[in-house]
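There are 2 protein chains.
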Amino acid sequence: MSRIKDIRFILKKYTYKRPFCIAYGFVTETENIEIEVITESGIVGYGESAPSFRINGETPEMILALESKVKDMILDKEIRHYREIFNITDKLLSSPSLKAGVQFAVIDALCKECEIDAWEFFGGVKNEIETDRTVSVRSIEDRIEEAIEIYKEGFRIIKIKVGEDLNKDLEAVYEICRNTEGCRYIVDANENYTLKDAVYFVKKLYSNGIDISVFEQPVSRYDIEGLKYVRFNSPFPICADESLKTKYNALKLIKEEAVDMFNIKLMKSGISDAIAIVELAKTANIKLMIGCVSESSIGINQSVQFACGIGCFDFCDLDSHLMLEESDFRGSFRQVGSKILVG
Amino acid sequence: MSRIKDIRFILKKYTYKRPFCIAYGFVTETENIEIEVITESGIVGYGESAPSFRINGETPEMILALESKVKDMILDKEIRHYREIFNITDKLLSSPSLKAGVQFAVIDALCKECEIDAWEFFGGVKNEIETDRTVSVRSIEDRIEEAIEIYKEGFRIIKIKVGEDLNKDLEAVYEICRNTEGCRYIVDANENYTLKDAVYFVKKLYSNGIDISVFEQPVSRYDIEGLKYVRFNSPFPICADESLKTKYNALKLIKEEAVDMFNIKLMKSGISDAIAIVELAKTANIKLMIGCVSESSIGINQSVQFACGIGCFDFCDLDSHLMLEESDFRGSFRQVGSKILVG
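Protein chains in written order, with the numbering used here: chain V, 164 to 506; chain P, 164 to 506.
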C-alpha cells in the first residue's frame, strides 16, 4: 500500500533538431511539463504532459498553473486505487495532456511498487513495435529530401503531412512514394482540406497507382458528416485524429460510421479515455493508430508502454522524441532504428 | 516472470439450500468446474466456471471436454501477458463461462505474483459493495414469505423473479413491496413476457404507486426492438441481461438505444468482454448491474473482485453462493449480511 505524498511539476524546454512544419505553421521548440508522483514509500512515478494549443487549447503556463489543483485532487490517494484516481483526474477537462501525464505517473509508481513493467500492466501483448517518421510540409524538394533521409535511416512507414496546397501535396506524395519503394504511407491533412479537395486528392492518388495506408483527418475536426462523406468516397482508410479526443468522441464517430481508424494520442485522451477508446474501437471493428504531440523520450515512453501492452495498434506514429534535442534518453525502451523494444 | 505450467479442471457439485425457481423451471443442484492455473513458480490461480445451458447453451460435461483444448491454447504462456491470454481465450465462443474461469484464474495468479489484490488490479475503486437477494417464482404466499425472510436478514435490495403469470406476478410484487418497506426492487422477467404484457406490467405497477428500480429483460433476448419499445414506454429503467453477452451485443444495444442498464455477468462475457462492456456503458451513459449464474463462493469472488475494482456498478446481484450448501467458504472477501467487503 502506498499513498501519494507529493507531486512535482517540472518545466522542460526542448529544441527541435529542425523546424517541424504542418499545415498550420512551424515550430522550433516545445515546452513540456514533467510530472513526478512521489509515494509515502519513496517510489517516484514519472509522466510527461506535452501541451498543445492547436489540438487542446493548452499552454505550458496553464498546465503549471494547475499544479495546486492537481495536488488538491489526488494527494494522499492510494496508488493501488488507480481507477479512483482516473475518475478524479477525468475532471481535468481543459487539460488532457496533464491528465495523461498524471495518470501515467501514477501507473508508473504502481508498477514499480508491484515490480511489473508498465507494458505488462497494460496487458503485455507485444514487446516490439515499429514507428513511422514524419515528413514536414515544406517545399517539394525539401519534402522529398527529408523522406529519402528517413528511408535511408531504415524507416519503412512514412507519415506525410499535407494540407497546404492540393497540387503541391499531390506532387510531393507522388515523388516521395517514387523515391521510397516498399514503404507504407500515412498521409495527414490535419483538418486542412475541404471536403471536395479531400475526395479529389485520394481519387487522384488512386488513379495514379499510389497506394496509401491511411488518410488522416482530411477535414475539420467538427465536420463528422464530412469525414463520413470522405470515408465512403475514398479507396483508402480514413482516420480520425483531431476529431477524436474523448471516449465520447469515439462513440459518436462509431455511431456515425464516420471513419475506418482512430488515432489515439495519450495527450488528447489521457490513459483512462485511451483505454475506453481501445475497447470501443475493437468492438466496432475500427483500426487503431497511436500518435504523439511533442513528447520527449520520457513522454513517448508512456505511449510505448501503452501500445506494447495493449498490442492492437496497426500503426505507431511515435517519433516526436526523435525530432527533439535531448541531453539524455530517458525512456524505459530501446530504440533500434524504426523498432521500439521493451522488456 | 511466470509461465503457465499446468491447468486443472475440477468438477464440483453443489446442492441448493432450497429449490431455485425462475420462469423456466427450477433447479435443486448445480455442477461447476473449478479452474486452477499453475505457474512454473508454483503459484496457483483459482477460477470457476458456472455453465448455464439456458443462458449460454453450456453443460458441465462440455466444459470438462474442453480441458485439453484450453491447455493447447495457453500452456506455457506468460501470465504477465494477460491480454494475449485474453485474446486467445476470446476464441472460446461456445463456452463464455469457461473463458471467465480461465481468465480470472490467470489474473488471480498474476495478482499473487505481483502481491496486489485482484480488486486493486481491476482499479481499486471500492472496498465494499451491497448485494441483493432473490425471490424465486413460486406461489404468491411462498414468494411473500421468502421476501420477508430476506428482509429480516437485513437485505435492502430484493430481486423478484417474474414472468410466469402476469396477474400473479403483479400481486406478488405488490405484496412483497408492502411487506418490505424501504427496500429497492429489481424485477426480472427472464425474457418471459410479451411486449404488450411487459408494458402493461410496468404501467400497472406505476399507477398503483409501486416504484421499482430496474425491470430486467422483459422480452426475448433476440427482440432488441421490443426492448426499446418497452424502454420508451416504461417509467422504470429497463435492463438487458440475456440480450447482453458479448461486447458486440453491448454496442448493438447502445446503437439501438434499447436499454437503460446492462447486467454484466462474468459467466456470459468472461473478464475481457466484461471490461469492454464497462467502458462502452460508461461512455454511453448506460447504468450497470453485475449478476451471477450459480457460482459458489470461489466463483462469486471473481465478480466481487471485479465489481469492487471497477467500482461503477449501481446494483450487485451476487447472491448465488448464499443459495448453495458449501462445506467451506472460499472467497477472498467477507460477507456481512448484505455487505461484501474486500481489502
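The beta carbon of each residue, even a glycine, is placed where N, CA and C say it ideally should be. Everything numeric in this text was worked out from a predicted model, so none of it was measured.
- [ ] Would you mind sorting aspartate 271 of chain V into buried or exposed? The rule is 16 or more other CB atoms within 10 Å of its CB.
- [x] Buried, since its Cβ has 16 or more Cβ neighbours within 10 Å.
Open item on the list: So isoleucine 580 of chain P contacts chain V; which residues on that side make the cut at Cβ distance below 7 Å?
Closed with: This structure does not reach residue 580 of chain P, given that chain P is present from 164 up to 506, and the question cannot be answered.
Open item on the list: For a quick check, are the C-beta atoms of proline 398 of chain V and aspartate 423 of chain V less than 7 Å apart?
Closed with: no
TODO: Could you work out which residues of chain P lie near lysine 445 of chain V, taking near to mean beta carbons separated by less than 9 Å?
DONE: The answer, in chain order, is Lys410, Ala439.
Open item on the list: If we define contact as Cβ-Cβ less than 7 Å, is valine 422 of chain P a contact residue for chain V?
Closed with: no
Open item on the list: I'd like to know if valine 269 of chain P contacts chain V, where contact means its C-beta is closer than 7 Å to some C-beta of that chain.
Closed with: no
Open item on the list: Would cysteine 455 of chain V and leucine 481 of chain V be called neighbours here (beta carbons separated by less than 7 Å)?
Closed with: yes
TODO: Just grab the DSSP bridge partners of leucine 498 of chain P for me.
DONE: According to the sequence provided, residue 498 of chain P is glutamine. The question's leucine does not apply to it. Answer by DSSP bridge pairing, in chain order: P:Ile503.
TODO: Quick one: grab the DSSP three-state call for aspartate 193 of chain V.
DONE: The identity of residue 193 of chain V in the sequence shown is threonine, whereas the question assumes aspartate. Strand.
- [ ] Give me the Cβ distance between alanine 186 of chain V and asparagine 426 of chain V, rounded to the nearest whole Å; I'm assuming they're in contact under 8 Å.
- [x] Going by Cβ atoms, the distance from alanine 186 of chain V to asparagine 426 of chain V rounds to 16 Å, so no, they are not a contact pair.
Task: Simplified DSSP assignment, three categories, for arginine 246 of chain V - done: Three-state result, arginine 246 of chain V: helix.
- [ ] Using a Cβ-Cβ cut-off of 7 Å, state whether valine 288 of chain V counts as contacting chain P.
- [x] yes
TODO: Could you tell me which residues DSSP puts in a beta bridge with tyrosine 369 of chain V?
DONE: According to DSSP, tyrosine 369 of chain V bridges with nothing at all.
- [ ] Note down, in chain order, each residue of its chain lying with its Cβ closer than 8 Å to the Cβ of isoleucine 292 of chain V, except the 5 sequence neighbours on either side.
- [x] Val467, Ala470, Cys471, Phe476, Cys479, Leu481, Lys502, Ile503
Open item on the list: For a cutoff of 7 Å on Cβ pairs, would you count glutamate 309 of chain V as touching chain P?
Closed with: no
Task: Sequence-distant residues of its chain with Cβ nearer than 8 Å to serine 258 of chain V (five each side left out) - done: Ser212, Pro214, Asn219, Glu221, Met225, Ile226, Leu229
Open item on the list: Taking beta-carbon pairs under 8 Å, can you tell me which members of the region 463-474 of chain P lie near chain V?
Closed with: Gly472, Ile473, Gly474
Task: From P:Phe364, P:Phe285, P:Pro223, P:Lys175, residue whose alpha carbon lies closest to that of cysteine 247 of chain V - done: Checking the sequence, you will find glutamate at residue 247 of chain V rather than cysteine. With distances taken between CA atoms, glutamate 247 of chain V lies nearest to P:Phe285 out of P:Phe364, P:Phe285, P:Pro223, P:Lys175.
Task: Where the alpha helix (DSSP H) through alanine 281 of chain P begins and ends - done: 281-284
Task: Proximal residues of chain V, C-beta to C-beta of lysine 418 of chain P below 7 Å - done: Lys418
Open item on the list: At the 7 Å Cβ level, is glutamate 247 of chain V part of the contact set with chain P, yes or no?
Closed with: yes
TODO: Check the Cβ-Cβ distances between glutamate 442 of chain V and every residue of chain P, and say whether any is below 7 Å.
DONE: yes
TODO: Starting from asparagine 396 of chain P, trace the alpha helix (DSSP H) both ways and give me its first and last residue.
DONE: Neither: asparagine 396 of chain P is in no alpha helix (DSSP H) and is coded neither H nor E.
- [ ] Could you work out which residue in P:Ile461, P:Leu407, P:Gly433, P:Lys324 is closest to alanine 444 of chain P when comparing CA atoms only?
- [x] P:Leu407
Open item on the list: For chain V, check one thing: does any of its Cβ atoms lie closer than 7 Å to the Cβ of glutamate 283 of chain P?
Closed with: yes
Open item on the list: Can you pull the chain V neighbours of leucine 414 of chain P, defined as C-beta to C-beta under 7 Å?
Closed with: Thr446, Ala447
- [ ] Taking alanine 437 of chain P and leucine 416 of chain P to be in contact with their CB atoms under 8 Å, please state how far apart those CB atoms are, rounded to whole angstroms.
- [x] Not a contact, Cβ separation roughly 15 Å.
- [ ] Go through its chain and collect everything with a Cβ distance to leucine 447 of chain V's Cβ below 6 Å, but skip five positions before and after it.
- [x] One point to set straight first is that residue 447 of chain V is alanine, not leucine, in the sequence displayed. Excluding sequence neighbours, alanine 447 of chain V sits near Ile417.
- [ ] Find the nearest neighbour of lysine 366 of chain P within the set P:Asn396, P:Gly205, P:Asp351, judged by alpha-carbon distance.
- [x] P:Asn396
TODO: Would you mind working out which of V:Leu255, V:Tyr179, V:Tyr314 sits nearest glycine 500 of chain V, comparing C-alpha positions?
DONE: V:Tyr314
Task: isoleucine 206 of chain V - DSSP class collapsed to helix/strand/coil - done: Taken through DSSP and simplified to helix, strand or coil, isoleucine 206 of chain V comes out as coil.
Open item on the list: On the CB-based measure, 16 or more other CB atoms within 10 Å of its CB, does tyrosine 177 of chain P come out buried or exposed?
Closed with: buried
Task: alanine 385 of chain V, buried or exposed, once every other Cβ within 10 Å from all chains shown has been counted against 16 - done: The displayed chain sequence assigns tyrosine, not alanine, to residue 385 of chain V. By the neighbour-count rule (16 or more Cβ atoms within 10 Å), tyrosine 385 of chain V is not buried but exposed.
- [ ] Leaving aside the five residues before and after glutamate 458 of chain V along the sequence, list all residues of the same chain whose C-beta is less than 8 Å from its C-beta, in chain order.
- [x] So the list reads Asn195, Glu211, Ala213, Met430, Gln465, Ser466, Ser483, His484, once near-sequence residues are dropped.
- [ ] Kindly provide the ranges of any alpha helix (DSSP H) runs that are 4 or more residues long and lie completely inside the region 462-494 of chain V, ordered along the chain.
- [x] 483-486
TODO: Report buried or exposed for aspartate 235 of chain P, applying the criterion of at least 16 other Cβ atoms within 10 angstroms of its Cβ.
DONE: exposed
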